[in-house]
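Residue numbers 12 to 414, in this note's numbering, belong to the letters of the sequence shown in order.
One structure below.
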Amino acid sequence: MKVLQINSVCGVGSTGRIAAELHACLKENGDEGWIAYGRGEAGGFADAIRIGGTADTYAHVALTRFFDRHGFGSRQATRRFLENVQALSPDLVHLHNLHGYYLHVGELFDWLRRSRLPVVWTLHDCWAFTGHCAYFDAAGCEKWQTGCGRCPQKKAYPASFLMDRSAANYQDKKQIFTSLDTMALVAPSDWLAGLAGGSFLGKYPVRVIPNGIDLSVFKPTRGQVREKYGLGRDKLVLGVASVWEQRKGLSDFVELSKRLEPGYRIVLVGVTERQKAALPPAILGIPRTDDVQELAALYTAADVFVNPSREETMGMTTVEALACGTPAVVYDATAVPEAVDDTCGIVVKAGDIDALCRAVSEADFPEEACLRRAARYDKKERFGEYMELYRRLVSSDEGGKRT
């Protein structure tokens, strides 16, 4: 079996790591595959295929910034890529993030329709069924249900500073993304699966496969992080994000730091140097780390993990914390609450800092309960579901027949 994955990045970021680990799983099973990607470096990944180059990316960025046509640039780069793919002769195509300034979705789906290959599309956000944005919950926008237009998030990723083409984008994406006779959609959470099912993508079946984590890495890990960062015996309140955007709740942590009693210390991992300099003394900022052992040690050292994000398609950092035996406090927003239950965490109303403060002081759950909850996200089992799906589609007519 030969599987071609397509994603904006390869081996980095949450979606890039998922694609790389799925590829590794294929190889372990004796199968073949490639990851086609659009931006950054592949880190020496032998089976990576770059779509376009830096000039293509910048041209696509310009098309987005001025004309709000994200996903409709990189036409020639996409055509060159698809010509090369013909020689690979994959048995199945697995789509991930198609946004990211690197791909022309019309060209891709035209090729998929003609090839009649089985297609799996894992949705990592909401971009596939909106006219512009990747998330709309925090903005309270429901225009994705009626065709978009006059987008309230025009300047949010993928930002347009001039035109608003959200209505046209919506109609074009609807026509393109529903043009395949069959396609298997996957969502990492019930929340996202429900949204996809209620969108124009609802013509296709949506299956929930949570993102998996490596439980051999994210496990109770005793280290010297308290000594390293001078945390002493303070109760450690931990937050982790790859990028601390507003929707991730950075300002909520600042407010929380003003209300916690003495003896608590907030530590945020993933902040930029500018963000770190702006944090109040009660918050320790740590830059993003690729050292998973140190990250696991930080999770383990924490007394409670807090995820005040308002927009998540699953909440990987929450699961990683649970896997290290640390209870979690999360907001009741999007998919975040799905990661916890009442044996290992507390869910509070989004934006209620007083409730968040109380929950932090009350979040005392046994390590064993946290580990049991995290076991539901064992990557071996979750990726095994993907392998099963691949084989079923390749061996049947469900994904269509190649011409």
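Glycine residues also receive a C-beta, built at the ideal position from the N, C-alpha and C atoms.
Report back the beta-carbon spacing between residue i and residue j to the nearest angstrom; my notes put them in contact at under 8 Å.
i, j, result
"F140", "S200", "Going by Cβ atoms, the distance from F140 to S200 rounds to 15 Å, so no, they are not a contact pair."
"A145", "C152", "Actually they do not touch by this definition, with Cβ atoms about 12 Å apart."
"D389", "G223", "6 Å"
"L295", "Y342", "Actually they do not touch by this definition, with Cβ atoms about 22 Å apart."
"T311", "R393", "Actually they do not touch by this definition, with Cβ atoms about 22 Å apart."
If we ignore side chains and look at the alpha-carbon of each, how far apart do residue i and residue j end up?
i, j, result
"M398", "P319", "33 Å"
"C21", "E272", "43 Å"
"K246", "A149", "30 Å"
"L130", "S19", "Checking the sequence shown, residue 130 turns out to be Val, not Leu. Cα to Cα, V130 sits roughly 17 Å from S19."
"V340", "V251", "13 Å"
"E266", "I220", "35 Å"
"L103", "R276", "49 Å"
"K412", "S190", "Unreliable placement is indicated for K412, whose pLDDT of 47 sits below 50; no coordinate value is reported for it."
"Q97", "A288", "51 Å"
"L361", "R402", "Here residue 361 is Ala; the residue named in the question, Leu, does not match the sequence. Going by the C-alpha atoms only, they are around 41 Å apart."
"T414", "A344", "For T414, the predicted model reports a pLDDT of 37, less than 50, meaning its position is unreliable; a value from the coordinates is still stated below. For T414 and A344, the distance between alpha carbons rounds to 44 Å."
"G51", "R369", "42 Å"
"T300", "D192", "43 Å"
"E409", "S372", "With a pLDDT of 44 at E409, under the threshold of 50, the modelled position of that residue is not reliable, and no figure is offered here."
"K13", "S227", "28 Å"
"W155", "Y69", "28 Å"
"N40", "S171", "44 Å"
"V248", "V278", "6 Å"
"A207", "Q235", "44 Å"
"F120", "G27", "21 Å"
"A73", "Y113", "12 Å"
"A195", "L242", "48 Å"
"R321", "C162", "19 Å"
Please say whether residue j and residue i have beta carbons closer to each other than 8 Å?
i, j, result
"A31", "I46", "yes"
"P169", "H107", "no"
"A374", "I357", "yes"
"T329", "V351", "yes"
"L99", "W122", "no"
"P338", "C381", "yes"
"L212", "F229", "no"
"E378", "P231", "yes"
"C335", "A307", "yes"
"G117", "S85", "no"
"S268", "P298", "no"
"D183", "D79", "no"
"S177", "H143", "yes"
"H115", "T89", "yes"
Which two residues bound the contiguous beta strand (DSSP E) that contains residue i?
i, result
"W45", "43-48"
"T133", "130-133"
"Y342", "339-342"
"L261", "No beta strand (DSSP E) contains L261, which is instead part of the alpha helix (DSSP H) from 261-270."
Which residues bound the alpha helix (DSSP H) around residue i?
i, result
"G208", "201-208"
"H81", "Here H81 belongs to no alpha helix (DSSP H), and DSSP marks it neither H nor E."
"V330", "327-334"
"K391", "390-406"
"F188", "177-188"
"L123", "116-126"
"H34", "24-39"
"R369", "364-373"
Among all the DSSP beta bridges, which residues are the ones paired with residue i?
i, result
"L295", "V278"
"I357", "V340"
"Q16", "I46, H105"
"G250", "L279"
"L196", "W132, V217"
"A59", "I46"
For residue i, verify whether its CB is less than 7 Å away from any heavy atom of the ligand GDP.
i, result
"P319", "With respect to the ligand GDP, the structure offers nothing, as it holds no ligand at all."
Strictly under 8 Å for the Cβ-Cβ distance: is residue i near chain B by that measure?
i, result
"L99", "The question asks about chain B, but that chain is absent: this structure has only one protein chain."
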